[in-house]
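**Q**
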Amino acid sequence: EVFGNPILIEIKKEINSKVLESVTKNINKLINNNFAESCLVFYDNLEGLKKTDLPNTSKYLFIQISDFITKLNDGDFNDSIRKIRNEIVHNRFSNG
-4 EVFGNPILIE IKKEINSKVL ESVTKNINKL INNNFAESCL VFYDNLEGLK
46 KTDLPNTSKY LFIQISDFIT KLNDGDFNDS IRKIRNEIVH NRFSNG
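If you use this note's numbering, the sequence shown corresponds to residues -4 to 91, in order.
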């Protein structure tokens, strides 16, 4: 199991520094209040940020939708999330 359940899923069209601050604050509040064990934040674009700027933790991951779709074509949901988490942990994603 990559993440604990329940998993909160958030989808954002674009993430910039202001959105990032708001999202991480809200996620931490929900996790700390036991509303969720973990969170996946799917996004389309980064504005003024690189993937390496995203504060991925053991409790939440920021995943670009196109990366997820690519991985999902090769496996199921859990496998796709596991592969992406491993790539994030080992800094294999490009900075784009």
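Note that the Cβ used here is the ideal one computed from N, Cα and C, for glycine as well.
Look at the Cβ atom of residue 40, then the Cβ atom of residue 9, and state whether they are nearer than 8 angstroms.
**A** Yes. Within cutoff.
**Q** Counting only the same chain and skipping the five closest in sequence on each side, list residues whose C-beta sits under 6 angstroms from that of residue 78.
**A** Cβ neighbours of residue 78 beyond the five flanking positions: 66.
**Q** Give the secondary structure of residue 32 by DSSP, where H, G and I count as helix, E and B as strand, and everything else as coil.
**A** If DSSP states are grouped into helix, strand and coil, residue 32 belongs with coil.
**Q** Would you give the residue range spanned by the beta strand (DSSP E) that residue 20 belongs to?
**A** Taken as a continuous stretch (DSSP letters only), residue 20 belongs to no beta strand (DSSP E), being part of the alpha helix (DSSP H) at 12 to 27.
**Q** For residue 73, list the residues DSSP reports as bridge partners.
**A** Bridge partners of residue 73: none, in fact.
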